[in-house]
Amino acid sequence: MAKKPAERIEFRYQGTNRAGAKVKGEIFALSDVLAKGELRKQGINPTRVRKKPKDLFGGPKITPADISIFARQMATMMKAGVPLVQSFEIIGEGHENKAMQKMILGLKTEVEGGVSLHEALAKQPLYFDPLFVNLVEAGEQSGALETMLDKLATYKEKTEALKAKVKKAMFYPIAVLIVAAVVTSILLIFVVPEFKNLFDSFGATLPAMTLFVIGISEFVQAWWWVIAGSIGGTIYTILRIKKTSPKMQEAIDRIALKAPVIGEITTKSAIARFSRTLETMSAAGVPLVEAMDSVAGACGNIVYFNGTIKIRDEVSQGTQLQTAMRNTGLFPNMAIQMVSIGEEAGSLDDMLAKVADYYETEVDNAVDALTSLLEPIIMAFLGVVIGGLIIAMYLPIFKMGSVV
Numbered sequence: 092m093a094k095k096p097a098e099r100i101e102f103r104y105q106g107t108n109r110a111g112a113k114v115k116g117e118i119f120a121l122s123d124v125l126a127k128g129e130l131r132k133q134g135i136n137p138t139r140v141r142k143k144p145k146d147l148f149g150g151p152k153i154t155p156a157d158i159s160i161f162a163r164q165m166a167t168m169m170k171a172g173v174p175l176v177q178s179f180e181i182i183g184e185g186h187e188n189k190a191m192q193k194m195i196l197g198l199k200t201e202v203e204g205g206v207s208l209h210e211a212l213a214k215q216p217l218y219f220d221p222l223f224v225n226l227v228e229a230g231e232q233s234g235a236l237e238t239m240l241d242k243l244a245t246y247k248e249k250t251e252a253l254k255a256k257v258k259k260a261m262f263y264p265i266a267v268l269i270v271a272a273v274v275t276s277i278l279l280i281f282v283v284p285e286f287k288n289l290f291d292s293f294g295a296t297l298p299a300m301t302l303f304v305i306g307i308s309e310f311v312q313a314w315w316w317v318i319a320g321s322i323g324g325t326i327y328t329i330l331r332i333k334k335t336s337p338k339m340q341e342a343i344d345r346i347a348l349k350a351p352v353i354g355e356i357t358t359k360s361a362i363a364r365f366s367r368t369l370e371t372m373s374a375a376g377v378p379l380v381e382a383m384d385s386v387a388g389a390c391g392n393i394v395y396f397n398g399t400i401k402i403r404d405e406v407s408q409g410t411q412l413q414t415a416m417r418n419t420g421l422f423p424n425m426a427i428q429m430v431s432i433g434e435e436a437g438s439l440d441d442m443l444a445k446v447a448d449y450y451e452t453e454v455d456n457a458v459d460a461l462t463s464l465l466e467p468i469i470m471a472f473l474g475v476v477i478g479g480l481i482i483a484m485y486l487p488i489f490k491m492g493s494v495v
């Protein structure tokens, strides 16, 4: 197993430059000693170097979308013939995200110090995965860094767009259900008790539906903390076990693949990620067996992760990619046939790109179809729940005449 790169620390420094003028700034290094050495290389005599304190409130964070934009900016700069160090300076100083700005200028400092680009990226494992680093290294070794950055930018843009589509499919119904739960809770805790007090003053016999709702209201008022704690604890436990237990994670991912409607989106998303990642690495000239580790990690589902590792093992023993894919039972016949044509014609990366394009479009269509399907169902659900509560409260009022 490869040793994880040591994490670099951000230091603030003060000193004088070659002209004797006072300067100050920030620099990334593994220690204060190495930071001072790096500053001397840059012609700065450091008088004070201190570790920068962490932001009490966390500060802005770097997202995958930021990395995607960074890859496209770098590709554009390289195409325009801008030197690498100057590209970092232009992109970094113009970035609105301070965390991203510091990270980019840290890369600039590394490259200025003689470190290769892929080595500098490898020192930021939280933001640049092995696939990104390996493709940049391949571009540097082949002298085609500009082309490789362009492929990486396209890859990151497409994968982030795909993730956004899947999140959209999940977010809409969850958001509506949360709003429904909040509205229902407000009605049960604050509104229903007021009606109950009103009904008690009448002394009339209440309908069964009204009594049922009042019973639920009293239960929620008495045990709301147990209900909230149980829901929160259950969600936390599931997420915690999913992260720490491979068996639980695999079980959840298998359920996600077989779930109605959502399963179709999850499956097509995994196939699209598999195809897009393998296409990018194949076009970069990365050997098939070596590419599979990165492809497995990009699938986003442990079932497809295990399937890709199985494909890697079979391909390493001489099995054709199409046969190894069929043996997993995870890929549809269309994808396997496209890969078969690509292998026979010597254009595997082109065919994989077509497969990725097809399934990315399928995910987009499935998300739109899901949204259209859920809208009337959710509206009907809200009407039954909220409307039922309101009707239950007004039923006694309709009968008020008989009491008066």
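If you want our numbering, it's the 1-based position in the sequence shown plus 91. Built from N, CA and C at the ideal position, the CB exists for glycine as well.
| Query | Result |
| --- | --- |
| What is the rounded straight-line gap between the Cα of P137 and the Cα of E184? | 23 angstroms |
| Please classify F148 as buried or exposed, where buried requires at least 16 other C-beta atoms within 10 Å of its C-beta. | For F148, the predicted model reports a pLDDT of 45, less than 50, meaning its position is unreliable and no value from the coordinates is stated. |
| Is DSSP giving N136 helix, strand or coil here? | strand |
| Is E101 near K193, with beta carbons less than 8 angstroms apart? | yes |
| Take the Cβ of L443 as the centre, count every other Cβ of all protein chains shown within 10 Å, and call the residue buried at 16 or more, exposed below. | buried |
| So the beta strand (DSSP E) K445 belongs to, where does it begin and stop? | Run containing K445: none in the beta strand (DSSP E); it sits in the alpha helix (DSSP H), L439 to F489. |
| By Cβ distance, which residues of its chain are closer than 8 angstroms to E203, with the 5 residues on each side in sequence left out? | Q133 and V176 |
| Take I158 and list the residues in its own chain whose beta-carbon comes closer than 6 angstroms to its own, dropping the five residues that flank it on each side. | Y218 |
| Taking the DSSP output, what are the residues bridged to Q105? | K115 and R139 |
| D455 to F119, Cα distance in whole Å? | 41 angstroms |
| Nearest-angstrom Cα distance between P423 and E210? | 38 angstroms |
| Please state whether DSSP places I318 in a helix, a strand or coil. | helix |
| Could you give the first and the last residue of the continuous alpha helix (DSSP H) run that contains T296? | First-last for T296: undefined, no H or E at that position. |
| Measure the Cβ-Cβ separation of K256 and A162 and say whether it is below 8 angstroms. | no |
| With D384 as the anchor, note down where its alpha helix (DSSP H) starts and where it stops. | L379 to A389 |
| From R109 to M165, what does the alpha carbon distance come to, in whole angstroms? | 31 angstroms |
| CB-CB under 8 angstroms to S122, same chain, minus the five flanking residues each way: which ones, in chain order? | I100 |
| Could you spell out where the alpha helix (DSSP H) holding H209 opens and where it closes? | L208 to A213 |
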